[in-house]
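Protein chains in written order, with this note's numbering: chain A, 1 to 226; chain Z, 1001 to 1234.
This is the structure:
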């Protein structure tokens, strides 16, 4: 109970701080909208092409836009040496990871939920036909991105080129999750049900999330203190 | 197990091959105030960061009341003021203190936060965002943040540096109260006059080594540079 309360305190702090400055969320929204807009003009895709590329397109936008949020996660603690105060507090690394991870998850999911209807308009796609399964993919994929991104955000926080290093470290690790999320999203945006062999991608997303969340919970103290 | 509040036993710290701390050994009994003095780069901040649990010694061990500084329960007993004020610019003074009161699991976070705003003279601006505060107000808030949870050991890294007179008065008052209540204080400082008024013991560090360790004497109070002139590097 105490653990959960500390998690929520950290989450609330991060969300409140972000809502006051809107640094990460504005950059992330703007990036997602501009990329969706530019690609729709660049390729002017037909309905069939859109069906094929929708999964890849969406997740590339979500991942890049999400990185902007993740970059700020621990960088927010640097001014005034706030990270020291956070580490000095009797908060387990796992609670810190979950607290920050949840805040990142909420922010990235908000960006995705705005980007999806925009995608539907620009690409003339009715993406709501498999609404709830698509939301499940979004939630699982975003948590995978968030759990890895939060740990690497902590790892790179003291590096001078952290804005460059974070994506370089995170994207290769995300490949299995991205494969699953892209394939499932393409099917669901096209209005198809996920059946038979395709359900293995859901298992992959669940497995990915469980493995990397567990690793992050265990490793966070080491990442923060070496 | 030692009865000391702070116990440093043969602590070494290396940055690459360079030993920033060399075999640092001392104990501070509960209720004492140790002034950690030395030139810039002597290793004072490194030592305080090890005691606060922010970094690990290369060799030897640091203990707070016989426990590792990184133990969750030990962290509840430590208060730290470093070079930064360690409060969030985007939050108000009250929100900052409430946040840390909750992280330290104080039974009444709201009451503790308001009490310390009052003690540091910030009650009137409690809802103002820290980014709008003057430097002196921010420093007083940093003091409130470090003392909020009633720590038994205070680790202060150059606490008087760049403070305005009001912040110095606040810090001296709360430090005296803390010492009277049995709190143990270790402070690194270049402000020898302020330090010698509060200190019961003095450690001088030269290039990572202890050059002097002893009780503060009247000689040191009347001539704050006495330790340097006798034991410091020429």
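The C-beta atom is built at its ideal place from N, Cα and C for all residues, glycine as well.
- Proximity to residue 1059 of chain Z across Z/1013, Z/1072, Z/1067, Z/1052 peaks at Z/1013, based on C-alpha coordinates.
- Under the rule that a run must span 3 or more residues, the beta strand (DSSP E) segments found entirely inside the segment 1062-1086 of chain Z read 1078-1081.
- The beta strand (DSSP E) runs lying completely inside the segment 156-186 of chain A and spanning 3 residues or more number zero.
- Residue 1072 of chain Z reaches chain A at 90, 91, 92, counting residues in chain order whose Cβ is nearer than 9 Å.
- In summary, residue 124 of chain A is exposed, with fewer than 16 beta-carbon neighbours lying within 10 Å of its beta-carbon over all protein chains present.
- The DSSP-derived three-state label of residue 1177 of chain Z is helix.
- In the three-state reduction of the DSSP assignment, residue 2 of chain A falls in the helix class, which pools H, G and I.
- Three or more beta-carbon pairs separated by less than 8 Å link the segment 1075-1093 of chain Z to the segment 1136-1144 of chain Z, which places the two stretches in contact.
- Separation of the CB atoms of residue 1005 of chain Z and residue 1184 of chain Z is rounded to 4 Å, and the pair is thereby assigned contact status at 8 Å.
- Between residue 24 of chain A and residue 74 of chain A, the gap from beta carbon to beta carbon reaches 8 Å or more.
- Listed along chain Z, the residues sitting closer than 8 Å to residue 9 of chain A by beta-carbon distance are 1099, 1102, 1103.
- Taking the Cβ atoms as the reference, residue 1009 of chain Z lies roughly 25 Å from residue 1195 of chain Z, outside the contact range of under 8 Å.
- A check of alpha carbon separations from residue 1052 of chain Z across A/85, A/72, A/167, A/79 identifies A/85 as the nearest.
- Around the C-beta of residue 1003 of chain Z, fewer than 16 other C-beta atoms lie within 10 Å, and the residue is accordingly described as exposed.
- Per the Cβ contact rule, the segment 1170-1190 of chain Z is not in contact with the segment 1094-1103 of chain Z (fewer than 3 Cβ pairs under 8 Å).
- In this structure residue 140 of chain A is in contact with residue 209 of chain A, their Cβ atoms being roughly 6 Å apart against a cut-off of 8 Å.
- Judged by their CB atoms, residue 1203 of chain Z and residue 1216 of chain Z are not nearer to each other than the 8 Å cut-off.
- With contacts defined as CB atoms closer than 8 Å, residue 1151 of chain Z and residue 1187 of chain Z fail to qualify as a contacting pair.
- Setting aside the 5 residues that flank it on each side, residue 1022 of chain Z is surrounded in the same chain by 1012, 1208, 1209, each with a C-beta closer than 7 Å to its C-beta; the list follows chain order.
- Distance between residue 1181 of chain Z and residue 1030 of chain Z, taken at the CA atoms: about 10 Å.
- By the C-beta density criterion, residue 1040 of chain Z is exposed, having fewer than 16 other C-beta atoms within 10 angstroms.
- Cβ-Cβ separation between residue 176 of chain A and residue 204 of chain A: approximately 6 Å, consistent with a contact (criterion under 8 Å).
- When the Cα atoms are used, residue 1111 of chain Z and residue 1095 of chain Z turn out to be separated by approximately 12 Å.
- The count of Cβ pairs closer than 8 Å, one atom from the segment 94-106 of chain A and one from the segment 5-21 of chain A, reaches three, so the stretches are in contact.
- Contact with chain Z is absent for residue 25 of chain A, since none of that chain's Cβ atoms lies less than 8 Å from the residue's Cβ.
- Any Cβ of chain Z closer than 8 Å to the Cβ of residue 80 of chain A would place that residue at the interface, and such an atom is present.
- Within the segment 1140-1152 of chain Z, those residues whose Cβ lies closer than 9 Å to any Cβ of chain A are, in chain order, 1142, 1145, 1146, 1149.
- Bounds of the beta strand (DSSP E) holding residue 1155 of chain Z are 1153-1157.
- In terms of Cβ geometry, residue 88 of chain A and residue 1075 of chain Z form a close pair [threshold 8 Å].
- The straight-line gap separating the alpha-carbon atoms of residue 206 of chain A and residue 69 of chain A is approximately 23 Å.
- Closest in alpha carbon position to residue 18 of chain A, among A/83, A/107, A/114, is A/107.
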